[in-house]
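Quick notes on the structure that follows.
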DNA sequence: TGAGTAATTTTGTGATATCATATTCAGTGT
DNA sequence: ACACTGAATATGATATCACAAAATTACTCA
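Residue numbers (UniProt numbering), protein chains in the order written: chain W, 1 to 229; chain D, 1 to 229.
Here it is in structure tokens:
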């Protein structure tokens, strides 16, 4: 079925007892997060329903949730599309991402344990391996896991959903950046993050997170958007 | 009908050509934002449907969207409730609110015009009038309008939805605070915000926003949560 | 009287049916 | 060829229907 390729992303494994709507939501969200759906692409609910062999009802619920997160756009014609990126919006999103993640990282420090740092280091090593093979999707996922692991150690944490919402908005465009440049950023700022964690140094951690985000996407993304404009 | 009182909030006026789902979403969101629904309260979709004279379908969509924003909680039994507040979560939400709003305010400064400042001052005056009459709901709405007006002058702004999501999570609890204390915070930090805007002083603006949030809800909220715990 | 269990009711979920609107396509006339 | 118009089609939105799971109630037995 041609429509299925709209989500050219592997089926995700899924606990059996969840709802269909949740499955669709998770699958679409994942596809958008790794940039599997091109910005500007138009989707139809019935198309998605046919592709996933479901009725429109759970599709609509999932799509509505994603539009609330600004991962999808409901156009005035009631059609939906993946939002296009502009330079202004891009810079706002990156700036917001830095502010949020520096904040979340700082509030995680009191709860950091050696075990967590070691787990994060292990994730970073895995990223190096995946990087060598050029698996961009896996790289994106691992990078997010790395960051999320840090923010999640704070037991009262409320930032992660907000941060993920920003990731979601940057996702489709980030893929374009990776594909166009056909290379990933050179320096690995994750080592810097890990060092700051070992030292429990809030200042250094903030700097490291900021650099990681800036170098990871900001510079190259701005290049591309400027040459278009 | 008794169920309708679940949302003891006036009907909001609503453009005629929007969808039912959007109407339900807006109405529920508003009710939660001003704290019209008590934390811990259980809602049923069919109950809401009956109260609003609608089928469960648009209700489900609206509720799903709100649960994505963490304004409602879907329990493992598939029931839904307004989340309860804890001290830890409260402090995280307030800290996040400060970080976000200081960020958004700073990024608005380059776009500030005298006209906007005057409009904000007018809103603040109206708040003083409403305050004298003890209309807490109207006060909450006006306060949000005041803040939103500032952040919205940035044309590439992406913060407002995120900030509103935090407001939404604080809403039900904030109402409890106002009711229990039966008074509103004394000093009006909005004047301080407006002065900083006239001066185009980013530093002072950040301080003013921080103080406004802290004094407005943080102190009294913490008091209440601590005496419970 | 109280605890456990079966029957009833309520509820959430997803598929289907229906309707209004938007889009696409074919045909007409210039 | 090209713009315009009307028919046909596709789409989104909501209500209704069917089903399964959960909650509630009623009932039984100790």
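From the three backbone atoms N, C-alpha and C, an ideal C-beta is built for every residue, glycine too.
Open item on the list: According to DSSP, residue 80 of chain D sits in a beta bridge with which residue or residues?
Closed with: Residue pairing by DSSP puts residue 80 of chain D in a beta bridge opposite D:43, D:74.
- [ ] Determine the closest residue to residue 199 of chain D out of D:55, D:85, D:106, with distance taken between C-alpha atoms.
- [x] Closest by C-alpha distance to residue 199 of chain D, out of D:55, D:85, D:106, is D:106.
TODO: Would you mind telling me which residues of chain W sit closer than 9 Å to residue 161 of chain D, beta carbon to beta carbon, in chain order?
DONE: What residue 161 of chain D touches in chain W: 68, 69, 70, 165.
Open item on the list: Taking 6 Å as the cut-off, is the C-beta of residue 37 of chain W nearer than that to any heavy atom in the ligand FMN?
Closed with: Ligands displayed in this structure: none; no statement on the ligand FMN is therefore possible.
Open item on the list: At a CB distance below 9 Å, what residues from the region 75 to 96 of chain W approach chain D? Give them in sequence order.
Closed with: Within the region 75 to 96 of chain W, the residues whose Cβ lies closer than 9 Å to some Cβ of chain D are 78, 86, 87, 88, 89, 90, 91, 92, 93, 95, 96, listed in chain order.
TODO: Please name the residue in W:78, W:147, W:139 whose C-alpha comes closest to that of residue 22 of chain D.
DONE: Per the Cα distances, W:78.
TODO: Would you verify that the beta carbon of residue 190 of chain W is, or is not, closer than 7 Å to some beta carbon of chain D?
DONE: At least 7 Å separates the CB of residue 190 of chain W from every CB of chain D.
Open item on the list: Looking at residue 98 of chain D: is its Cβ nearer than 7 Å to the Cβ of residue 213 of chain D?
Closed with: Yes, the Cβ-Cβ distance between residue 98 of chain D and residue 213 of chain D is below 7 Å.
Task: Boundaries of the alpha helix (DSSP H) in which residue 145 of chain D is found, first to last residue - done: Here the alpha helix (DSSP H) through residue 145 of chain D covers 136 to 152.
Task: Contact the region 34 to 44 of chain W vs the region 169 to 178 of chain W: 3+ CB pairs below 8 Å - done: The region 34 to 44 of chain W is in contact with the region 169 to 178 of chain W.
Open item on the list: According to DSSP, simplified to helix, strand and coil, what is residue 5 of chain W?
Closed with: Here the model assigns residue 5 of chain W a pLDDT of 39, short of 50, so the residue's position is not dependable, and the following value carries that caveat. Note: residue 5 of chain W maps to helix in three-state DSSP.
TODO: Mind reading off the beta-carbon distance from residue 44 of chain W to residue 69 of chain D? Whole number of angstroms is fine, and I expect it under 8 Å.
DONE: In this structure residue 44 of chain W is not in contact with residue 69 of chain D, their Cβ atoms being roughly 25 Å apart against a cut-off of 8 Å.
- [ ] Output yes if chain W places a C-beta closer than 7 Å to the C-beta of residue 147 of chain D; else output no.
- [x] At a cut-off of 7 Å, the C-beta of residue 147 of chain D has no neighbouring C-beta in chain W.
Task: Minimum Cβ-Cβ distance from residue 158 of chain W to chain D less than 7 Å - done: Interface annotation, residue 158 of chain W: in contact with chain D, CB-CB separation under 7 Å.
Open item on the list: 7 Å is my cut-off, CB to CB: does residue 64 of chain W come that close to chain D?
Closed with: Residue 64 of chain W counts as touching chain D.
Task: Extent of the continuous alpha helix (DSSP H) run through residue 216 of chain D - done: The continuous stretches of alpha helix (DSSP H) do not include residue 216 of chain D, and DSSP gives it neither H nor E.
- [ ] Please look up how many angstroms separate the CB atoms of residue 142 of chain W and residue 127 of chain W, rounded, as I've assumed it's under 8 Å.
- [x] Contact flag correct, Cβ pair sits at about 5 Å.
Task: Straight-line gap, residue 38 of chain W to residue 65 of chain W (C-alpha atoms, nearest Å) - done: Just so you know, the alpha carbons of residue 38 of chain W and residue 65 of chain W end up roughly 19 Å apart.
Task: Under 7 Å between C-beta atoms of residue 202 of chain W and residue 109 of chain W - done: Cβ distance < 7 Å, so residue 202 of chain W and residue 109 of chain W count as in contact.
Open item on the list: Going residue by residue through the region 84 to 124 of chain D, where are the continuous beta strand (DSSP E) segments of at least 3 residues, counting only ones entirely within it?
Closed with: Along the length of the region 84 to 124 of chain D, whole beta strand (DSSP E) runs at least 3 residues long do not occur.
Open item on the list: Counting only Cβ-Cβ distances shorter than 8 Å, please list the residues of the region 98 to 109 of chain D near chain W, keeping chain order.
Closed with: Cβ contacts with chain W: 99, 100, 103, 107.
TODO: Find the residues of chain W that neighbour residue 61 of chain D, judging by a C-beta separation of less than 7 Å, and give them in chain order.
DONE: Ordered by position in chain W, the residues that pass the 7 Å Cβ test against residue 61 of chain D are 60, 61, 64.
Open item on the list: So the candidates are W:166, W:159, W:167; which of them puts its Cα closest to the Cα of residue 166 of chain D?
Closed with: Closest option to residue 166 of chain D, Cα to Cα, is W:159.
Open item on the list: Below 9 Å on C-beta distance, what does residue 155 of chain W contact in chain D?
Closed with: Ordered by position in chain D, the residues that pass the 9 Å Cβ test against residue 155 of chain W are 88.
- [ ] Pick helix, strand or coil for residue 19 of chain W, following the three-state DSSP scheme.
- [x] Shown here, residue 19 of chain W sits in coil according to DSSP, grouped into three states, outside any helix or strand.
TODO: Quick one: using the 10 Å Cβ neighbour count with 16 as the cut-off for buried, is residue 42 of chain D buried or exposed?
DONE: Burial state of residue 42 of chain D is exposed, judged by a 10 Å Cβ sphere holding fewer than 16 other Cβ atoms.
Task: Collapsed DSSP secondary structure at residue 126 of chain W in the structure displayed - done: Three-state DSSP puts residue 126 of chain W in a helix.
Open item on the list: Could you check whether residue 89 of chain W and residue 135 of chain D sit closer than 7 Å to each other, using their CB atoms as the reference points?
Closed with: The answer is no: Cβ separation not under 7 Å.
- [ ] Grab the span of the alpha helix (DSSP H) containing residue 63 of chain D for me, first residue to last.
- [x] Residue 63 of chain D -> alpha helix (DSSP H) spans 56 to 68.
Open item on the list: Give me the residue from D:133, D:71, D:188 with the minimum Cα distance to residue 30 of chain D.
Closed with: Residue 30 of chain D has its Cα closest to that of D:71, out of D:133, D:71, D:188.
Task: Three-way DSSP call (helix, strand, coil) for residue 190 of chain D in this model - done: It is helical.
Open item on the list: Quick check: residue 138 of chain D and residue 130 of chain D, are their CB atoms within less than 7 Å of each other?
Closed with: Yes.
TODO: Would you kindly check if the distance between the Cβ of residue 221 of chain W and the Cβ of residue 177 of chain W is under 7 Å?
DONE: For residue 177 of chain W and residue 221 of chain W, yes; Cβs fall inside 7 Å.
Task: Where residue 49 of chain D falls: helix, strand or coil (DSSP) - done: Residue state for residue 49 of chain D is assigned as helix, using DSSP reduced to three classes.
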